[in-house]
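Enquirer: Got a structure here, written out as structure tokens. Questions coming.
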Amino acid sequence: MTTLVIRRPDDWHLHLRDGAALRAVLPFTAARFARAIVMPNLSPPVTTTELALAYRRRILAALPAGAQFEPLMTVYLTDHTPPEEVARARASGRVHGFKLYPAGATTHSELGVSDVRRIEPVLERMAELGMVLEVHGEVTDPAVDVFDREARFIERVLAPLAARLPQLRMVLEHITTRAALDFVLGARAGLAATVTPQHLLMNRNALFAGGLRPHHFCLPVLKAEAERAALLAAVTRGESRLFLGTDSAPHARHAKEAAAGCAGIFCAHAGIELYAEAFAAAGALERLEAFASHHGADFYGLPRNSGTLTLTEQPWEVPAHYPFGNDELVPLRAGERVAWRLTERA
Ligand code: DOR
Ligand code: ZN
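In terms of the numbering used here, the sequence shown is residues 42 to 387.
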């Protein structure tokens, strides 16, 4: 039986929701990850430092007894975010980034930014203070093919922005394409990207395998096999600008299994185990630790965690669903096997 011991990892992109949903999903993340960058796309969104600090307190209150977990908060940018918010966020010591959702790009992004030029003074302030911009990198132009929205965003928005503000630190979240890899790996200093387990393990065929599969729908949408293979090759060769971000995004079953199902894949129940599968498939298990536990902390200027996780190659069957408030949550691989198991935390 193969086992792997790694330094305790962090999740650099996570949706925890609020209320009963938060209480349902938080234990999965806290059992695995020491810290997580918590997305601010609640309804209404977390648009100020004050709201982020209040949300942080609700997360801490929802932690299971004895859990050791630190939520790293983010603030949701709107067209009206004042530049002064950046200094408030920095001074809090609890807010670690601002999230850019192009308005209309994804779940709860309606109040996002209509044009980055409108928030240029905020971004300038972030560059000055070294605050990280987390980016949902997709154009919203309905004329652009849904599979091309990430590449077009890089050309139209991200590359010009990176050039205009050379000091701005940015994480391109949940990348899905060779275009994103080429951009991030070839760009100036201060740019990085997160990669989800779903985009390492599945291609777009998974959306249609045996029928329409709403639980495989997320944004950015799964891409072609060549894109998936390129992502896996890049993370498993140890690129230090790439790090773990599950983008675990829970939605109630009825909201997914609908005529217009919500985007988001819940994967926190196997949030490190699924990456172990991907790295093992590429014969690069020894590279998992740096991707999961070093690169992100180094980019954000935070200490690496102490403590370890032990992962064992020992298949287990994922439940068909988990409780989710008054509803049900269908996890990735529901009713199927995950090849790796979390066997110890020290
Ligand atoms: O699939 C997604 N789900 N992509 C996002 O960008 C948002 C997320 C969510 O909040 O459900
Ligand atoms: Zn997300």
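We put the beta carbon where it would ideally sit given N, CA and C, even for glycine.
Source: prediction; values computed, not measured.
One question on the structure: do V66 and R73 come within less than 8 angstroms of each other, judged by their Cβ atoms?
Expert: Your numbering for residue 66 matches position 25 in the sequence shown. Your numbering for residue 73 matches position 32 in the sequence shown. Cβ distance not < 8 angstroms, so V66 and R73 don't count as in contact.
Enquirer: For E165, which option in A200, R245, G279 and P123 has the closest C-alpha, if you only look at C-alpha atoms?
Expert: Within the sequence shown, the letter at position 124 stands for residue 165. Nearest option by C-alpha distance: P123.
Enquirer: If you follow the beta strand (DSSP E) that Q239 is part of, which residue opens it and which one closes it?
Expert: Within the sequence shown, numbered from 1, the residue matching residue 239 stands at position 198. Careful: Q239 lies outside any beta strand (DSSP E), inside the alpha helix (DSSP H) at P238 to L242.
Enquirer: Distance check for V87 and L315, CA to CA, integer angstroms please.
Expert: Along the sequence shown, one-based indexing puts residue 315 at 274. Along the sequence shown, one-based indexing puts residue 87 at 46. Near 29 angstroms, if we compare the C-alpha coordinates of V87 and L315.
Enquirer: If you count every other CB in all the chains shown that lies within 10 Å of the CB of G138, and 16 or more means buried, which is it?
Expert: Taking the sequence shown and counting its residues from 1, the one referred to as residue 138 is at position 97. Classification of G138: buried, given that the 10 Å Cβ count is 16 or more.
Enquirer: So is the beta-carbon of T148 under 7 angstroms away from any non-hydrogen atom of the ligand DOR?
Expert: On the sequence shown, position 107 is the one that residue 148 refers to. It does: the Cβ of T148 is within 7 angstroms (strictly closer) of some heavy atom of the ligand DOR.
Enquirer: Look up L283 in the DSSP assignment and say whether it is helix, strand or coil.
Expert: By one-based count along the sequence shown, residue 283 stands at place 242. If DSSP states are grouped into helix, strand and coil, L283 belongs with the strands.
Enquirer: Just the Cα atoms here: how many angstroms apart are D186 and A192?
Expert: As a first step, residue 186 is located in the sequence shown; it is residue number 145 there, counting from the start. As a first step, residue 192 is located in the sequence shown; it is residue number 151 there, counting from the start. Looking at the two C-alpha atoms, the distance is approximately 10 angstroms.
Enquirer: In this structure, what does DSSP give as the bridge partners for A77?
Expert: Translated into positions along the sequence shown, residue 77 becomes position 36. Answer is D52 and P112.
Enquirer: Given this structure, state the Cα-to-Cα distance separating H121 from V157, to the nearest angstrom.
Expert: By 1-based counting over the sequence shown, the position of residue 121 is 80. By 1-based counting over the sequence shown, the position of residue 157 is 116. Distance between the alpha carbons of H121 and V157: 11 angstroms.
Enquirer: DSSP three-state label for D368, please.
Expert: Along the sequence shown, one-based indexing puts residue 368 at 327. In this structure, D368 counts as strand in the three-state DSSP scheme.
Enquirer: Rounded to whole angstroms, what's the CA-CA distance from V173 to W53? Just pull it up for me.
Expert: Along the sequence shown, read from residue 1 onward, the residue named residue 173 stands at position 132. Along the sequence shown, read from residue 1 onward, the residue named residue 53 stands at position 12. V173 and W53: Cα-Cα distance of roughly 12 angstroms.
Enquirer: Buried or exposed, going by whether 16 or more other CB atoms sit within 10 Å of the CB of P84?
Expert: Residue mapping note: residue 84 aligns to position 43 of the sequence shown, counting from 1. Sequence inspection shows Ser at residue 84; the Pro mentioned does not correspond to that position. S84 comes out exposed.
Enquirer: Indicate the three-state DSSP secondary structure (helix, strand or coil) for T218 in the structure shown.
Expert: Numbered from 1 along the sequence shown, position 177 holds the residue referred to as residue 218. Of the three classes helix, strand and coil, the one that applies to T218 here is coil, per DSSP.
Enquirer: Return the first residue and the last residue of the alpha helix (DSSP H) that A296 is part of.
Expert: Position 255 of the sequence shown, counting from 1, holds the residue named residue 296. Its alpha helix (DSSP H) spans residues R294 to K297.
Enquirer: Let's see if you can read the secondary structure: which residues bound the alpha helix (DSSP H) around E385?
Expert: Residue numbering aside, residue 385 sits at position 344 when the sequence shown is read from its first letter. Element bounds for E385: not the alpha helix (DSSP H) but the beta strand (DSSP E), R378 to R386.
Enquirer: Note down the Cα distance separating N82 from L92, rounded to an integer number of angstroms.
Expert: As a first step, residue 82 is located in the sequence shown; it is residue number 41 there, counting from the start. As a first step, residue 92 is located in the sequence shown; it is residue number 51 there, counting from the start. Straight-line Cα distance between these residues: approximately 12 angstroms.
Enquirer: For the ligand DOR, any of its heavy atoms closer than 7 angstroms to the Cβ of G305?
Expert: Locating residue 305 in the sequence shown gives position 264, counting from the first residue. Under cutoff, so the answer is yes.
Enquirer: How many Å lie between R345 and S281 at the Cα?
Expert: Along the sequence shown, read from residue 1 onward, the residue named residue 345 stands at position 304. Along the sequence shown, read from residue 1 onward, the residue named residue 281 stands at position 240. If I take the Cα positions, the gap works out to 14 angstroms.
Enquirer: Which residue from A102, A168 and K140 puts its Cα closest to that of T119?
Expert: Residue 119 sits at position 78 when you count from the first residue of the sequence shown. The residue with the shortest Cα to Cα distance from T119 is K140.
Enquirer: Within the continuous beta strand (DSSP E) that includes G342, where are the two ends?
Expert: As a first step, residue 342 is located in the sequence shown; it is residue number 301 there, counting from the start. Element bounds for G342: n/a, residue is neither H nor E.
Enquirer: For a test of the three-state rule: what should DSSP assign to S334, helix, strand or coil?
Expert: As a first step, residue 334 must be located in the sequence shown, where it is residue number 293. In this structure, S334 counts as helix in the three-state DSSP scheme.
Enquirer: When you compare the CB positions of P291 and A62, do they come within less than 8 angstroms of one another, or not?
Expert: Taking the first residue of the sequence shown as position 1, residue 291 is located at position 250. Taking the first residue of the sequence shown as position 1, residue 62 is located at position 21. Against a cut-off of 8 angstroms, the Cβ pair of A62 and P291 comes out as a contact.
Enquirer: Could you tell me whether the Cβ atoms of T384 and T349 are closer together than 8 angstroms?
Expert: Locating residue 384 in the sequence shown gives position 343, where the first residue counts as 1. Locating residue 349 in the sequence shown gives position 308, where the first residue counts as 1. No. Outside cutoff.
Enquirer: Quick check on DSSP: helix, strand or coil for F138?
Expert: Working through the sequence shown from its first residue, we reach residue 138 at position 97. For clarity, residue 138 is Gly in the given sequence; the question names Phe instead. Three-state DSSP puts G138 in a strand.
Enquirer: With DSSP collapsed to three states, give me the class of V212.
Expert: Looking up residue 212 in the sequence shown gives position 171. Of the three classes helix, strand and coil, the one that applies to V212 here is strand, per DSSP.
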